Amino acid sequence: MAADFNSDAKPDLGVDDSGGVRILLGAGDGTFQLEPLAAISSGFSVWNVDGAADINGDGKGDLVVHTMQFSQSGGSEGPRSRTDHISLFLGNGDGTLQSERIVAHSASSKASVFAHAVGDSIDSPVFADYDGDGVVDLALWRSIFTSTNPGESFEIELGRGDGTFAGTSKSFTYPNRLALLGATADLNQDQLSDLIIKDLYGNVAAVVLNTSPPNFSLSAGAPSPASVSAGHSANSTVTINSAGGFNSEVQFSCTVESSVALAPTCSLNPSSATPAANGSATTTLSMSTTAPSSAAISPGAQTIFYALWLPIGGLLWAGVAKNPSSPGRSRLLLPAFCCVLLVGIALETACGGGSPKPKMGGTPPGAYAITVIGTAGATQHSATTTLAVQ
9 MAADFNSDAK
19 PDLGVDDSGG
29 VRILLGAGDG
39 TFQLEPLAAI
49 SSGFSVWNVD
59 GAADINGDGK
69 GDLVVHTMQF
79 SQSGGSEGPR
89 SRTDHISLFL
99 GNGDGTLQSE
109 RIVAHSASSK
119 ASVFAHAVGD
129 SIDSPVFADY
139 DGDGVVDLAL
149 WRSIFTSTNP
159 GESFEIELGR
169 GDGTFAGTSK
179 SFTYPNRLAL
189 LGATADLNQD
199 QLSDLIIKDL
209 YGNVAAVVLN
219 TSPPNFSLSA
229 GAPSPASVSA
239 GHSANSTVTI
249 NSAGGFNSEV
259 QFSCTVESSV
269 ALAPTCSLNP
279 SSATPAANGS
289 ATTTLSMSTT
299 APSSAAISPG
309 AQTIFYALWL
319 PIGGLLWAGV
329 AKNPSSPGRS
339 RLLLPAFCCV
349 LLVGIALETA
359 CGGGSPKPKM
369 GGTPPGAYAI
379 TVIGTAGATQ
389 HSATTTLAVQ
């Protein structure tokens with residue numbers, strides 16, 4: 009499966025290997041670098057590498073794999089069983105994969121090679137947004153085995169946005185047992201993904217249009233500038249995307265996920281917007297920080313020591329002035345006073361003007377998650393962006 013798993017704009021490969029899957033990072037010249045193996049469940053083997061996409065919305069490529077375990081006893085015609093897993097390997101963005109997450113499973117068995125199968129079997133997983141909330145969901149094909157009434161259906165499991173799914177939310181039967189999910193795409197431009205089924209019995213491709221109710225999704229762009237110092241601000245563009253014909257007013261609010269004093273504040277302008285049906289609308293998220301303030305410096309002991317010289321100078325002046333009849337003292341009166349005055353000014357400058365006042369307070373450095381909430385009636389969605397404060 010070809011995709012870019014390390015965001016270097018060069019195609020990489022997701023492949024199966026003995027006991028698991030791994031990424032081959034492309035060099036852009038047809039050569040590849042082998043990355044570590046991500047193991048699958050013990051006793052299972054890779055049936056197929058089904059897809060590569062950003063399943064949890066972190067901007068990193070993930071890998072979807074179908075694994076299977078088969079066992080039998082009593083010879084070639086004896087009892088047998090089969091277990092299937094649809095597994096998700098979240099990408100780290102550097103060509104390595106996280107541990108296996110089983111997002112769907114099935115199990116079936118037969119008493120002998122000639123007996124009816126009992127249980128179920130899954131196949132053909134595809135990932136897309138099927139309810140218009142901007143979160144990736146899972147659709148797959150499930151065969152139900154019973155001795156009297158076998159059936160086929162496709163089911164949709166709604167995503168939570170973190171690589172997990174809420175279980176079977178929708179299930180639809182299909183009349184032909186010889187069919188599989190083939191692909192998914194928005195075929196009628198209503199911003200909802202539809203399903204394409206490979207009907208092997210009728211040798212046709214069947215289209216199943218999505219009839220989910222109107223909905224909207226919310227996304228928040230990266231702040232501009234990406235980082236700020238305390239006292240500065242940044243903006244982000246928040247976009248509403250309509251799906252299924254949604255065209256109602258969406259009210260905005262925002263929260264800053266932080267408990268520190270003087271954390272950033274946020275606001276939105278406009279405070280509401282209405283997208284056109286299957287269109288979009290935007291608002292601006294403003295993020296502000298608090299500047300540090302200057303702290304006053306209290307006089308220290310050295311300052312007081314210097315200040316004591318001023319009264320001494322005054323006494324000197326008084327002593328000279330008391331006996332003005334002395335010719336020597338009269339001549340020294342004005343120069344002495346000027347010297348005392350100049351010394352006082354110099355000492356005052358030395359003790360008060362040499363050190364700048366320190367900056368105190370302000371928004372502390374760190375990364376702050378800011379969440380925007382969009383509400384339309386009983387429907388509410390959110391999007392998060394991160395502001396870096398230096």
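In the numbering used here, the protein residues as written are 9 to 398. Glycine included, every Cβ here is placed at the ideal spot set by N, Cα and C. As the structure is a prediction and not an experimental result, all values here were calculated from the model.
Under the assumption that G253 contacts A230 (Cβ atoms under 8 Å), give the Cβ distance between them as a whole number of angstroms. One-based indexing of the sequence shown puts residue 253 at position 245. One-based indexing of the sequence shown puts residue 230 at position 222. Not confirmed; about 30 Å, so no contact.
Can S151 and E163 be called in contact, C-beta distance under 7 Å? Within the sequence shown, the letter at position 143 stands for residue 151. Within the sequence shown, the letter at position 155 stands for residue 163. No, they are not a contact pair.
Please classify L293: does DSSP put it in a helix, a strand, or coil? Along the sequence shown, read from residue 1 onward, the residue named residue 293 stands at position 285. DSSP places L293 in strand when its eight states are reduced to three.
Where do the N-terminal and C-terminal ends of the beta strand (DSSP E) with F153 fall, by residue? Locating residue 153 in the sequence shown gives position 145, counting from the first residue. Here the beta strand (DSSP E) through F153 covers 145 to 153.
Which residue marks the beginning of the beta strand (DSSP E) containing K206, and which one marks its end? Residue numbering aside, residue 206 sits at position 198 when the sequence shown is read from its first letter. K206 -> beta strand (DSSP E) spans 202 to 207.
With a threshold of 7 Å between beta carbons, is E85 in contact with chain D? Looking at the structure shown, chain D is missing, and only one protein chain is on hand.
What residue range is occupied by the uninterrupted beta strand (DSSP E) comprising G167? For the purposes of this step, residue 167 is taken as residue 159 along the sequence shown, with counting starting at 1. Element bounds for G167: 159 to 167.
Helix, strand or coil: how does DSSP classify L186 here? The count along the sequence shown starts at 1 and reaches residue 186 at position 178. Three-state result, L186: coil.
According to the neighbour-count rule (16 or more other Cβ atoms, all chains shown, within 10 Å of its Cβ), is A309 buried or exposed? Locating residue 309 in the sequence shown gives position 301, where the first residue counts as 1. Residue placement at A309 is poorly supported in this model, since its pLDDT is 49, which falls under 50; the coordinates still yield a value, given next. With fewer than 16 other Cβ atoms within 10 Å, it is exposed.
Alpha carbon to alpha carbon, how far is L105 from R30? On the sequence shown, position 97 is the one that residue 105 refers to. On the sequence shown, position 22 is the one that residue 30 refers to. The alpha-carbon atoms of L105 and R30 are separated by roughly 7 Å.
C-beta atoms of T263 and V397 nearer than 7 Å: By one-based count along the sequence shown, residue 263 stands at place 255. By one-based count along the sequence shown, residue 397 stands at place 389. Not in contact: T263 and V397 (Cβ atoms no closer than 7 Å).
Based on Cα-Cα distance, which residue from S50, S244, G36, L32 lies nearest to E43? As a position in the sequence shown, residue 43 is number 35, starting the count at 1. The candidate whose alpha carbon is nearest that of E43 is L32.
Along the chain, where does the beta strand (DSSP E) that runs through P133 open and close? Translated into the one-based positions of the sequence shown, residue 133 becomes position 125. Element bounds for P133: 126 to 136.
Taking the continuous beta strand (DSSP E) assigned at S390, which residues delimit it? Taking the first residue of the sequence shown as position 1, residue 390 is located at position 382. 387 to 397 is the extent of the beta strand (DSSP E) around S390.
The segment 233 to 242 touching the segment 201 to 219, judged by at least three CB pairs closer than 8 Å: no
Counting only the same chain and skipping the five closest in sequence on each side, list residues whose C-beta sits under 7 Å from that of W55. The sequence position of residue 55 within the sequence shown is 47, counting from 1. Once the five neighbours on either side are set aside, the close Cβ partners of W55 are H74, T75, M76.
On the DSSP bridge list, what partners appear for A46? Locating residue 46 in the sequence shown gives position 38, where the first residue counts as 1. A46 is bridged to V29.
Quick one, which of A251, G86, N243 has its alpha-carbon nearest A289's? By one-based count along the sequence shown, residue 289 stands at place 281. If we check each option's Cα against that of A289, A251 comes out closest.
Would you call the segment 184 to 199 and the segment 119 to 135 in contact, with 3 or more CB pairs under 8 Å? yes
In the DSSP assignment, find the unbroken beta strand (DSSP E) run with H74 in it and report its ends. As a position in the sequence shown, residue 74 is number 66, starting the count at 1. Per DSSP, H74 belongs to the beta strand (DSSP E) from 70 to 80.
What do you get for E108, buried or exposed, if any count of 16 or more other CB atoms within 10 angstroms of its CB means buried? Start at 1 with the first residue of the sequence shown, and residue 108 comes out as number 100. Buried: at least 16 other Cβ atoms inside 10 Å.
With a 10 Å radius around its C-beta and 16 neighbouring C-beta atoms as the bar for buried, classify A384 as buried or exposed. Mapped onto the sequence shown, residue 384 falls at position 376. Looking at its Cβ environment, which holds 16 or more other Cβ atoms inside 10 Å, A384 is buried.
Out of curiosity, what's the CA-to-CA distance linking G369 and I378? Taking the first residue of the sequence shown as position 1, residue 369 is located at position 361. Taking the first residue of the sequence shown as position 1, residue 378 is located at position 370. When rounded, the distance between both Cα atoms is 21 Å.
Best match in A17, D62, I381 for proximity to D170 [C-alpha to C-alpha]: Translated into the one-based positions of the sequence shown, residue 170 becomes position 162. Among A17, D62, I381, the Cα nearest to that of D170 belongs to D62.
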